[in-house]
Amino acid sequence: MTWSLRTRLTLSYVLVAMLGVLLVSALANGVLETSFRRYMEESLARRAQQVAGLLGDQAAADGTWNEGAVSAIGMNALEQGMIVRVADLSGKAVWDATLHNNGLCQEMIAHMAQNMASRYPNWRGIYTERSYPVRAGFREVGAATIGYYGPFFLNDEDLAFINALNRLLLWVTLAVLAIALGTGLFMARGIAVPLGRVVAATEKIAGGNLDVVVSEKSRVREIAGITAAVNDLARSLKAQESLRRRLTADVAHELRTPLATLQSHLEALMDGVWPADQERLRGLHEEILRINRMVKDLENLARYESDSLALEKGDTDLDALVRGIATNHEPQFRRKGVGLRFAPSGAPGGARATVDPDKISQAVINLLSNSLKYTAAGGSVETRVSLGEDAAEITVSDTGVGIGPEDLPRVFERFYRADTSRARATGGTGIGLSIARAIVEAHGGSIRATSEPGKGSVFTIRLPRTAA
Numbered sequence: 036m037t038w039s040l041r042t043r044l045t046l047s048y049v050l051v052a053m054l055g056v057l058l059v060s061a062l063a064n065g066v067l068e069t070s071f072r073r074y075m076e077e078s079l080a081r082r083a084q085q086v087a088g089l090l091g092d093q094a095a096a097d098g099t100w101n102e103g104a105v106s107a108i109g110m111n112a113l114e115q116g117m118i119v120r121v122a123d124l125s126g127k128a129v130w131d132a133t134l135h136n137n138g139l140c141q142e143m144i145a146h147m148a149q150n151m152a153s154r155y156p157n158w159r160g161i162y163t164e165r166s167y168p169v170r171a172g173f174r175e176v177g178a179a180t181i182g183y184y185g186p187f188f189l190n191d192e193d194l195a196f197i198n199a200l201n202r203l204l205l206w207v208t209l210a211v212l213a214i215a216l217g218t219g220l221f222m223a224r225g226i227a228v229p230l231g232r233v234v235a236a237t238e239k240i241a242g243g244n245l246d247v248v249v250s251e252k253s254r255v256r257e258i259a260g261i262t263a264a265v266n267d268l269a270r271s272l273k274a275q276e277s278l279r280r281r282l283t284a285d286v287a288h289e290l291r292t293p294l295a296t297l298q299s300h301l302e303a304l305m306d307g308v309w310p311a312d313q314e315r316l317r318g319l320h321e322e323i324l325r326i327n328r329m330v331k332d333l334e335n336l337a338r339y340e341s342d343s344l345a346l347e348k349g350d351t352d353l354d355a356l357v358r359g360i361a362t363n364h365e366p367q368f369r370r371k372g373v374g375l376r377f378a379p380s381g382a383p384g385g386a387r388a389t390v391d392p393d394k395i396s397q398a399v400i401n402l403l404s405n406s407l408k409y410t411a412a413g414g415s416v417e418t419r420v421s422l423g424e425d426a427a428e429i430t431v432s433d434t435g436v437g438i439g440p441e442d443l444p445r446v447f448e449r450f451y452r453a454d455t456s457r458a459r460a461t462g463g464t465g466i467g468l469s470i471a472r473a474i475v476e477a478h479g480g481s482i483r484a485t486s487e488p489g490k491g492s493v494f495t496i497r498l499p500r501t502a503a
């Protein structure tokens, strides 16, 4: 059996409230019971002593008693639950409540026993008598025997007070339970409702609806975090889905052009429209090479992005590595009329880092090739190496056409190019920057691009100096 979060939270509030009230009630009743018993016993003893003192005031110096006053005191004590018997020094009875009204005494004892049984079902009280000396001034004139239902008893007023207190505790318990129930429902709703919307949103995302946005705000930090995470997940999945569709369209476009060229040329050769000379065959061969280059780039990208990519890292002088790459590419830059400069780090012993030199060389070559494509004749490209305390940086900057702010965040995506015309002169396969990013991230580093249209671009590779 499964319960909803709202039900569980509500019941937990009610359970805690019940336990708290029961604990307080038990402690209150225990303390009250002990204190009340002690108070009743002490109060009964004081009243008995007071009765003995009042009786002493009724004895004359000649040994006579004011029998009317003694009877009044005895009847008053009887009304308070005490059976009084007074005797002089010789033992002669002056006044005895049982002789005066024995029926009333028996009825009073039975009523007290009934009161105690209603409060304490297992009560085992007995009739108790205690003797007190009766003094007139400093002279003892007799003795008073006072009996009562002991060790203490509850009269009707005492019992009514205790019952009223118990009813009050019962109403307090009910009120606390009602407050706990209302608070639990309110708090549970504040948690369960947002979570329910998050669950509904995730179900829609799982069903393919990536336009879901949970707009409800919550003051609970964890729920707000879950809501933000689900919204970020939806946006990320939507972006990935868009990238996947664009990648599919880009791959189809990149393959369609050379394949259509091959098909049309081969059909023309088969129909005899074109002669199968060396120039025609060379053109077909170039298209095949273009397809092979793109497939190879895709294979390299998949390999570099793989979690199982093996890096042969070693202590490498990045100054020497980048200088060699720049030297090898100088002829290409010279043919296009683009200047190529190299600025070393100037660190003693060179800028050293623990990297795979072959993979890093591939990343730098891709950046140089990209800068060469988008830098017109008369422009310049500079490679620079710098060394920090915990990282080394390789920077490739150019004076090319630059990248617009709307295109800059996406330049490292597969097949993405700001040049929407996809001209072969500058297009390439559009995978070079993706490969560079995959290589750098495999080393635990990062790559970023900054650019301003018409003024050029700057690509920066940041590598940790020690092996990750």
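In this note's numbering, the protein residues as written are 36 to 503.
The C-beta atom is built at its ideal place from N, Cα and C for all residues, glycine as well.
What span of residues does the beta strand (DSSP E) with residue i cover, start to end?
i: Glu-102; result: It is not in any beta strand (DSSP E) - Glu-102 instead sits in the alpha helix (DSSP H) that spans 102–114.
i: Asp-312; result: First-last for Asp-312: undefined, no H or E at that position.
i: Ser-492; result: 491–499
i: Val-121; result: 118–123
i: Arg-387; result: 387–390
i: Val-129; result: 128–131
Under DSSP, the alpha helix (DSSP H) around residue i begins and ends at which residues?
i: Glu-428; result: Where Glu-428 is concerned, there is no enclosing alpha helix (DSSP H), although the beta strand (DSSP E) it sits in stretches over 426–433.
i: Ala-361; result: 353–371
i: Ala-95; result: Taken as a continuous stretch (DSSP letters only), Ala-95 belongs to no alpha helix (DSSP H), as it is neither H nor E.
i: Val-211; result: 191–241
i: Asp-267; result: 256–305
Return the bridge partner residues of residue i from the DSSP annotation.
i: Phe-377; result: Thr-418
i: Tyr-183; result: Thr-163
i: Ser-481; result: Arg-497
i: Pro-168; result: Ala-178
i: Ser-486; result: Ser-492
i: Gly-349; result: Val-390
By the 10 Å Cβ neighbour count, where 16 or more other Cβ atoms means buried, how is residue i classified, buried or exposed?
i: Thr-455; result: Because Thr-455 sits at a pLDDT of 47, beneath the cut-off of 50, its placement in the model cannot be relied upon, and the following sentence gives the value as read from the coordinates. Burial call: exposed.
i: Pro-168; result: exposed
i: Ser-380; result: buried
i: Ser-432; result: buried
i: Met-305; result: exposed
i: Arg-449; result: buried
i: Glu-347; result: exposed
i: Asn-111; result: exposed
i: Asn-363; result: exposed
i: Ala-458; result: Bear in mind that the predicted position of Ala-458 carries a pLDDT of just 42, short of 50, making it unreliable; the figure below should be weighed with that in mind. With fewer than 16 Cβ atoms within 10 Å of its Cβ, Ala-458 is classed as exposed.
i: Asp-267; result: exposed
i: Leu-54; result: exposed
i: Ala-460; result: Bear in mind that a pLDDT of 46 at Ala-460, under 50, signals an unreliable position, so the number given afterwards is only what the model happens to contain. When all chains shown are included, Ala-460 counts as exposed.
If I'm right that residue i touches residue j with Cβ under 8 Å, what's the distance once you round it to whole angstroms?
i: Val-493; j: Leu-468; result: Contact doesn't hold; Cβ gap of about 13 Å is too wide.
i: Ala-179; j: Ala-94; result: Going by Cβ atoms, the distance from Ala-179 to Ala-94 rounds to 11 Å, so no, they are not a contact pair.
i: Ile-214; j: Val-255; result: No, Ile-214 and Val-255 are not in contact; Cβ-Cβ is about 21 Å, not under 8 Å.
i: Ile-181; j: Glu-164; result: 7 Å
i: Arg-419; j: Thr-410; result: So it is not a contact: roughly 16 Å between Cβ atoms.
i: Arg-500; j: Thr-351; result: With a Cβ gap of about 10 Å, Arg-500 and Thr-351 do not count as contacting.
i: Ile-438; j: Ser-396; result: Wrong, their Cβ atoms sit about 24 Å apart, outside the cutoff.
i: Gln-367; j: Leu-324; result: Going by Cβ atoms, the distance from Gln-367 to Leu-324 rounds to 18 Å, so no, they are not a contact pair.
i: Val-211; j: Val-56; result: 5 Å
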